Each structure stands twice: as C-alpha cells, then as structure tokens.
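Take a look at the structure set out below.
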Amino acid sequence: MPASPRAAAPRLPSLTGLRFAAALLVFGVHAYSFIPVGGLAHDLGHLLLDPGDLGVSFFFVLSGFVLTWAAWGSGGPAPGRGLGRFFAGRFLRIYPAYVVALALAVASKWVGDLADPVGNRMNQVNGHNLSTSLFLVQAWYPDDVTYLGINPVAWSLSCEIAFYAAFPLLYPLLRRLAGRALAGAAVGLVALGLLVPLIAHLWVDPAYQRWFVYILPATRAVEFALGIALALLVRSGAWRGPGLPLASALFAANYLVVNLLPHEVRDTAAVLATTALLIPAAATTDLAGARSVWRHPWLVRLGDASYAFFLVHLTIITTTMTILGRSHDYPAWQAVPLGLGFLVVSYAVALPLHRYVEVPAMRLLRRRGPRPTIPAPRTPQPERASVG
C-alpha cells in the first residue's frame with residue numbers, strides 16, 4: 002500500500018545516483034565534441050558518447066518526477082504563501098550556483114580571447130547575451146547565438162524556469178486523473194514527444210526546426226509533464242512496469258542505437274520511452290528497499306553535486322581546448338587522459354560550488370519560517386538521501 006497522500010514523501014536515493022549518470026552522459030558528448038580524435042577512437046566516441054545530449058531529456062523527465070514527489074505531503078504548491086514558498090525554493094535551488102557559474106563562464110571568455118584573439122566563438126559576452134542569460138530566457142530566442150549564450154548548457158535552465166512556472170497548473174490537472182486515465186496520459190505524453198519532430202517538419206520553418214524540437218521550453222515541457230504523470234502513478238501504487246535491471250538494460254540498448262534514427266527524432270524523443278520506464282523502476286526499487294547500484298553512497302554524493310557539475314563542465318572543457326588548440330586530431334593516448342582530466346577538474350570545481358553555494362542557498366529558505374508539521378510515513382522507508 003502506498004503511504005497516505007499527506008505523509009512525507011519517502012526519499013529516493015537511486016534517482017540521485019541516476020542524476021550522476023545522466024550528467025556523465027552530457028559531459029561525455031561535450032568532451033567528445035571538443036577533443037578532436039580520429040580513426041577507431043572517433044568511431045567508438047560516436048557510438049558511446051555522441052548520444053550523451055539525450056541526458057538532458059532524462060533530466061527534464063526527472064525534474065517533473067522529483068517536484069511531484071516533493072509535493073507528496075503538501076498536496077503541491079497552493080495559492081498564497083505556499084505558491085510563493087514554492088517559487089522561492091526553486092529560485093534558491095538553481096539561481097545562486099547558476100550566477101557563480103555564469104561569472105566563471107564570463108571570465109573564461111576573457112582567457113579564451115587571450116589565447117585565441119581571432120577565434121569566432123558564438124557564445125561571446127555582449128549586452129544581449131548577458132541579459133538573456135541573467136534572466137534565463139535565452140531558450141525562447143530561435144537563434145543559436147542567443148540560446149547558446151555565454152554558458153551554452155544554460156539553455157536547459159531556461160526551460161526549467163518555464164517548467165517551474167507551469168508546475169502549479171500542470172500538477173493539479175494531472176492529479177485529477179487516476180488509474181488507467183493517468184496511465185493513458187503518460188502514454189499520450191510519450192507519443193506526443195515522438196510526434197514533436199513531425200509537427201516541426203509540417204508547420205515550422207526549416208531554419209527554426211532544430212530550435213523548436215530541441216530548445217523551445219514549450220515543446221520540452223512534454224517531458225516535464227511526463228515526469229509529473231509518472232510520479233503520480235508511482236505515488237498512487239498504480240505503476241506497472243519492469244524492474245530496475247530490465248529497465249536499465251532497455252535504456253542502455255536504446256541509447257546505443259539512437260544514432261541509427263533520423264536526427265529529428267534522435268535529438269529529443271529517442272530515449273523518452275525507456276526513460277519513462279527507468280525512473281519509476283528506480284523509484285519503486287527504493288520504495289521496496291530492494292538492491293540498487295545507484296544507491297551507492299559515492300554515486301549519491303556525486304549525484305548531489307551533478308547540477309553544479311553540469312553548470313561548470315563545458316566552461317572548463319572549452320576554455321582548456323581553446324588554449325591547447327583544436328586544429329589537429331589528438332591520438333587516443335592523449336584524448337582519453339585529457340577527457341578524464343576534464344572530468345576530475347569539473348568535479349573539483351563542482352563539489353565546492355555545491356557545498357558552499359547550493360546547500361547554503363537551500364538552507365536559507367528553511368530559516369525563513371517553520372514548515373507545516375507533516376506526519377511520518379506509515380510505510381517502511383528505504384535509506385535516506387536527497388533526490389535534489
């Protein structure tokens with residue numbers, strides 16, 4: 002039996018571990034894209050690393066799932082103080098660390114200009130890019146000079162801000178559904194995600210189709226809404242899906258074949274169905290107290306810092322490669338250690354950013370006023386770790 006809807010939501014550490022894996026996929030595609038390699042190393046990189054941008058789709062679904070899960074005891078954001086507290090929490094969750102990472106990206110442009118003064122990098126610092134980046138609205142602009150902005154990964158946070166604004170509307174709407182209707186909504190959202198490229202092909206100017214399918218917050222909100230529906234299914238005990246080992250295997254197999262798909266589908270919806278199986282499988286595994294490799298303490302710790310890692314890793318990669326140069330292929334014996342070095346340095350920057358900026362910012366909200374008392378859950382709890 003699921004816990005009472007007024008009970009505090011059980012924490013799901015496997016989802017935190019999976020956040021690390023998704024961030025690693027995104028890191029992999031960026032390292033592969035900016036470290037030129039040839040021959041067999043290039044072919045292996047294309048197979049194993051090139052689809053890593055699909056980790057963003059995983060994050061969008063996970064975002065809807067986690068926000069819904071956190072609303073377990075409160076019934077979701079409510080008008081008045083509850084809604085204000087919800088938005089304040091979301092702001093403190095992402096913005097302080099984001100501003101620090103943005104400042105790091107601005108400084109990196111100065112270093113890059115010193116190393117390569119004639120380089121034609123689209124993510125230059127100017128008034129327009131700085132203002133759209135500060136207000137996190139860059140994803141609403143269809144030109145890549147704007148939506149890639151100063152820190153190119155930040156377009157996804159522009160989407161997240163839109164998702165947070167939509168959550169108080171989407172959550173009550175989907176919460177009204179139950180059982181088969183809710184499962185049907187989840188299936189329908191997966192189908193809609195698969196249809197977005199067709200919609201773009203039929204009705205969007207070819208010059209803007211990539212933006213419409215991959216960047217535009219309104220279309221990416223399909224994945225966020227799917228996460229809400231999946232969390233409601235798990236929370237109500239209505240979820241029926243494969244266990245974590247099978248769901249993980251299906252996702253891995255799906256990931257390895259996505260480059261065979263047309264690029265319009267591959268860019269966003271290629272792993273949407275298997276993501277919709279994997280996230281609930283990890284959650285139900287934790288609820289049952291069953292074994293999960295993603296609950297390992299080190300993976301959970303790295304997953305906790307995955308947002309900070311996501312913010313800084315591309316700045317570190319691009320700045321270093323501007324200094325080293327990208328005019329020639331790097332042999333595998335150089336490229337692999339270089340990529341691993343980027344990984345280590347990125348986490349060396351991310352862990353302090355998480356500890357000294359993210360965590361204190363989130364604690365600030367707790368100090369501003371007492372939270373309502375929520376009864377303890379009636380069901381046994383798995384080991385506790387934050388899902389983000």
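Using our numbering, you'd call the opening residue of the sequence shown number 2 and step up by one each time. For glycine and all other residues, C-beta sits at the position ideal for the given N, C-alpha and C. What you are looking at is a predicted structure, and each value in this text was computed from that prediction instead of being measured.
Leaving aside the five residues that flank V138 on each side, the residues in its chain whose CB is nearer than 7 Å to its CB run, in chain order, S159. Within the same chain, no Cβ atom closer than 6 Å to the Cβ of A254 is found once the five residues on either side in sequence are excluded. Sixteen is the threshold: when 16 or more other Cβ atoms of the shown chains lie within 10 Å of the Cβ of A277, as they do, the residue is buried. The alpha carbon of S58 has as its nearest neighbour, out of A333, L273, L279 and R236, the alpha carbon of L273. Look at P173 here: in three-state DSSP terms it is helix.
If you check the CB distance, G18 and H355 do not come in under 9 Å. Of the other Cβ atoms in all chains shown, fewer than 16 fall within 10 Å of the Cβ of R367; this residue is therefore exposed. Rounded to whole angstroms, T275 and N260 show a C-alpha spacing of 16 Å. DSSP, reduced to helix, strand and coil, places Y99 within a helical segment of the structure shown. Along the region 261-285, the alpha helix (DSSP H) occurs as fully enclosed runs of 4 or more residues at 264-267, listed in sequence order.
Distances from the CA of P169 to each of I95, L84 and W70 were compared; the closest alpha carbon is that of L84. The C-alpha of Y142 lies about 27 Å from the C-alpha of Y172.
Taking the C-beta atoms as reference points, D287 is found no nearer than 9 Å to L63.
Residue ranges of uninterrupted alpha helix (DSSP H) with 4 or more members, entirely inside the region 122-205 and ordered along the chain, are 128-135, 145-148, 156-176 and 180-204. By the C-beta density criterion, S132 is exposed, having fewer than 16 other C-beta atoms within 10 angstroms. The Cβ atoms of F21 and L303 sit closer than 9 Å to each other. Counting of Cβ neighbours within 10 angstroms places R241 among the exposed residues, the total staying below 16. Straight through space, the alpha carbons of D144 and D51 are spaced by roughly 23 Å. Restricting attention to R94, D44, A102 and G56, the CA atom closest to the CA of L68 is found in R94.
Annotation: the region 220-257 contains no complete segment of the beta strand (DSSP E) (minimum length 3 residues).
Residues I318, T319, M322 and R327 of the same chain have their beta carbon placed closer than 8 Å to that of F35, with the five preceding and five following residues left out of the count. Contiguous beta strand (DSSP E) elements confined to the region 307-345 do not occur, taking only those with 3 or more residues.
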